[in-house]
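These protein sequence lines are chains Y and H, in that order.
Residue numbering for the first sequence follows the working numbering, starting at 1 and increasing by one per position.
Residue numbering for the second sequence follows the working numbering, starting at 1001 and increasing by one per position.
The beta carbon of each residue, even a glycine, is placed where N, CA and C say it ideally should be.
One structure is given here, and the rest of the page talks about it.
Number of protein chains: 2
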Amino acid sequence: MVDVFQVLADPTRRRIVEMLRRGERSVGELVQAVDIGQPGVSRQLAILEDADFVTVRPEGRRRLYSLRPEPFKELSDFVTTYRAIWEPRLDRLGAELERRRKDRNMNKEKPR
Amino acid sequence: MVDVFQVLADPTRRRIVEMLRRGERSVGELVQAVDIGQPGVSRQLAILEDADFVTVRPEGRRRLYSLRPEPFKELSDFVTTYRAIWEPRLDRLGAELERRRKDRNMNKEKPR
DNA sequence: GCGATATATATTGCGGTAGTAATATATCGT
DNA sequence: ACGATATATTACTACCGCAATATATATCGC
């Protein structure tokens, strides 16, 4: 599985991502926050890892997961593409700010 | 189906949305652009309509579909929530612009 | 090294959903 | 009103992904 939207289509995975937004978490902590068993959480984490949503950092017998920026960048680009649809208010000030934001990003894009 | 991510999880539906981004299209036009049959397209359109992604406008014996802003707004909000992850460059200028953008939206949000 | 805890993997079963084919409905031109 | 075109709906089959159970692996404290 390699598609951002497909990954986020599952409520459980979104819940996990939501938890990780506050910082890195161990599998056990995530299990408590979600209403499925530990094997299920591990499986969703494997999917998330495969799709580059998360990274792992082993610490003793626990494994700490945290978010990676790439998929969210991709999402952001998607949203931007449809900006004319959801934000018809592309007035002159807004457009200018948007242009500057894009210029700033130009220099650092695709270091991957 | 009522979930934005689930709707966009399907490549065919995303393709249709992509087409509609350029303006309203009839079912026939969409069929040509996608590699599934007409009944399939009609079904996906029904799902998209149910999820508020599109509206229909009958014109003669054709039905013209076009995008609605709501789901994209929702997506945009989601992305914004994770902004600290995908855009660590929340410098002072960027933060200020973001604040203004939000303020501008304050007045018109949730007319639904 | 041994028992306990934390996490991963394999397997099974099931519900939902996509695609296709066939059929139905509506609208145009004549 | 009739034939042709555009779209919707239904019925059917196949597959995909999730959850749960059982089992395996690794790391800690002692």
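Handout entry: Neighbour flag for I1016 (chain H) against chain Y, beta carbons, 7 Å
Key = no
Handout entry: Enclosing beta strand (DSSP E) for E59 (chain Y) [first to last residue]
Key = 54-59
Problem - the segment 1014-1021 of chain H contacting the segment 1046-1060 of chain H, beta-carbon criterion three pairs below 8 Å - result: Segments in contact, yes.
Exercise for the section: Let me know the secondary structure DSSP gives R14 (chain Y) once reduced to three states. Expected result: helix
Exercise for the section: Check the Cβ of Y65 (chain Y) against every Cβ in chain H and list those closer than 9 Å, keeping chain order. Expected result: Ordered by position in chain H, no residue passes the 9 Å Cβ test against Y65 (chain Y), which lies about 13 Å from the chain.
Exercise for the section: Closer than 8 Å, Cβ to Cβ, to anything on chain Y: give me those residues from the segment 1023-1049 of chain H, in chain order. Expected result: none
Exercise for the section: Confirm, please, whether the CB-CB distance from E1024 (chain H) to S1066 (chain H) is below 7 Å. Expected result: yes
Handout entry: Start and end residues, alpha helix (DSSP H) containing R1083 (chain H)
Key = Where R1083 (chain H) is concerned, the enclosing alpha helix (DSSP H) stretches over 1083-1086.
Exercise for the section: With 7 Å as the threshold, decide whether the Cβ of F5 (chain Y) is near any Cβ in chain H. Expected result: So, interface residue.
Practice task
Run down chain H in chain order and give the residues with a C-beta less than 8 Å from the C-beta of I79 (chain Y).
Solution key: The question names Ile, yet the displayed sequence has Val at residue 79 (chain Y). Near V79 (chain Y) (Cβ distances below 8 Å), the residues of chain H are F1072, L1075, S1076, V1079.
Practice task
Starting from the beta carbon of P69 (chain Y), find every residue of chain H whose beta carbon is closer than 7 Å, and list them in chain order.
Solution key: I1085, W1086
Handout entry: Where R1022 (chain H) falls: helix, strand or coil (DSSP)
Key = coil
Handout entry: Straight-line gap, V1007 (chain H) to R1013 (chain H) (C-alpha atoms, nearest Å)
Key = 7 Å
Handout entry: Under the three-state DSSP convention, the category K1110 (chain H) falls into
Key = Residue placement at K1110 (chain H) is flagged as unreliable, the pLDDT there being 44, under the threshold of 50; a coordinate-derived value is accordingly withheld.
Problem - Inter-residue spacing [alpha-carbon to alpha-carbon] between P69 (chain Y) and E1059 (chain H) - result: 45 Å
Exercise for the section: Please state if the CB of L1064 (chain H) and the CB of V1004 (chain H) are separated by a distance shorter than 7 Å. Expected result: L1064 (chain H) is positioned such that its CB atom lies no closer than 7 Å to that of V1004 (chain H).
Problem - Chain-ordered neighbours of A51 (chain Y) on chain H, where CB pairs are closer than 8 Å - result: Simply none; closest approach about 12 Å.
Exercise for the section: Examine chain H for any beta-carbon lying closer than 7 Å to the beta-carbon of L20 (chain Y), and answer yes or no. Expected result: With 7 Å as the cut-off, L20 (chain Y) does not count as an interface residue toward chain H.
Handout entry: Selection from Y:T80, Y:F78, Y:F72 that minimises the alpha carbon distance to W1086 (chain H)
Key = Y:F72
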